[in-house]
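Numbering (my numbering), first residue to last: 74 to 132.
Note that CB positions come from ideal geometry on N, CA and C, so glycine has one too.
Listed below in structure tokens is the structure:
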């Protein structure tokens, strides 16, 4: 019998994903709303369209 290798990072990502889904009651609209609220409260960490444009024009 072959042992299946489990990637701990993938498992962590799956756990976080499940926790997010559970927190929003498995409602996609609520999940999107939660993610937007998170972005709004950490705007300095979110890349803006202007920032992306500047990055792509420098190449």
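Check: If I measure Cβ to Cβ from residue 86 and keep anything under 8 Å in the same chain, skipping five residues before and after, which residues do I get?; Outcome: none
Check: The alpha helix (DSSP H) that contains residue 85, what's its start and end?; Outcome: 81-96
Check: Which class does residue 100 belong to by DSSP, given the choice of helix, strand or coil?; Outcome: coil
Check: Look at the alpha carbon of residue 111 and the alpha carbon of residue 74, and state the distance between them as a whole number of angstroms.; Outcome: 45 Å
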